[in-house]
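Below: the structure, in structure tokens.
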Amino acid sequence: MPRRQRPRHISDALISVGLLAASPAFAASQENQLWTTESLVVQASDADLVSLDLSQRFRQASSNGGQQTVRVLIDHRVARAVQIGGGLAFFRSEPEQEMRLFQQVTLTKGIWMSRTRIEQRFFDTADRASWRLRQRAQASVPLDAAKRWTLIAAAELMFHLNRARPGDRPGLAVMRNQIGLRHPIARALDAQLLYMRQQTFRDGRPDAVAHIPWLTLSWKI
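The sequence shown maps to residues -27 to -1, 1 to 194 in mature numbering (1 follows the signal peptide of the UniProt record, and there is no 0).
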């Protein structure tokens, strides 16, 4: 079978995603995971949001086992539908540790949200930073007049922009698709439960597909 070429541009990646979804010809390894997140969101000013996230990712040994994460983010509204922000995060698992810096722009219009994020990832197993581009699109659809139940549907593409380690390949690296519900369970506490399908594209090996129930508790003050 001819070897697949890794997409180099976003337009190429979107075409590739369509072809992958339409054809079962490419085998992929499958696994189940479980993710949980606790989020604190503080309205620091009329234009500023500060978020602190803690996550636990229960993964199989083939995916480097369990992972714990801490993320701090500041978003600043520069226009009615435009936010710019950035932050840092720490990721801990058995085989390696990661510190991550990131910058992002978020656009909103009605039920739609688009987020573009650039990340600089520093691994204790690599001598240089790994740069990654993430593009996310999301729809949040109220299901009742009181807007207590909200349907969430999202897709995200992640692109490696350089080689931090010998095995890295620039281009489309990960695709995530999510669907689920968000519902308030207290005055300032929301619960969100999603199903996420995460596909990791790999050269010379079958893609890795993870099926992930993801529960998030978000406290807003």
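Cβ coordinates follow ideal geometry from the N, Cα and C atoms, glycine included. These numbers come from a predicted model, not from an experiment.
Spatial neighbours of residue i in its chain, beta-carbon cut-off 7 Å, leaving aside the 5 residues before and after
i    : result
N37  : S66, E67, P68
R50  : A20, Q56
R44  : D26, G60, A62
L116 : W122, T123, L124
N5   : H184
I84  : A112, S113, V114
Anticipated Cβ contact below 8 Å, residue i with residue j, distance rounded
i    : j    : result
A161 : W192 : 6 Å
E129 : R107 : 6 Å
G153 : I185 : At roughly 11 Å, the Cβ-Cβ gap does not stay under 8 Å, so G153 and I185 are not in contact.
R32  : Q41  : About 11 Å; that fails the 8 Å criterion.
Sequence-distant residues of the same chain with beta carbon closer than 6 Å to residue i, five excluded per side
i           : result
Q111        : M86, A127
L74         : L61, Q93
A99         : A137, R138
Q151        : A127, L167, M169
V182        : A1, Q3, Q172
A102        : Q93, F95
residue 269 : This structure gives no information on residue 269, because the portion of the chain shown stretches from -27 to 194.
A17         : V23
L188        : T9, L166
T81         : A54
L13         : L25, W192
I158        : A164
R90         : F75, Q77, R107
T79         : Q56, R88
D48         : L22, Q56, G58
R109        : R88, E129
A119        : none
For residue i, the residue or residues it bridges with in DSSP
i    : result
R107 : R90, M131
T3   : Reading off the sequence, residue 3 comes out as Gln, not Thr. DSSP output for Q3 lists V182 as bridge partner(s).
Beta-carbon proximity list for residue i, same chain, < 8 Å, skipping 5 on both sides
i   : result
A34 : none
D97 : E69, Q70, E71
4 or more residues per run - each alpha helix (DSSP H) lying fully within the region 10 to 87:
Fully enclosed alpha helix (DSSP H) runs of no fewer than 4 residues are not present anywhere in the region 10 to 87.
Which runs of the beta strand (DSSP E) fall wholly inside the region 110 to 190 and span at least 3 residues, in chain order?
Entirely contained in the region 110 to 190, the beta strand (DSSP E) runs reaching 3 residues are, in chain order, 123 to 133, 144 to 159, 162 to 173.
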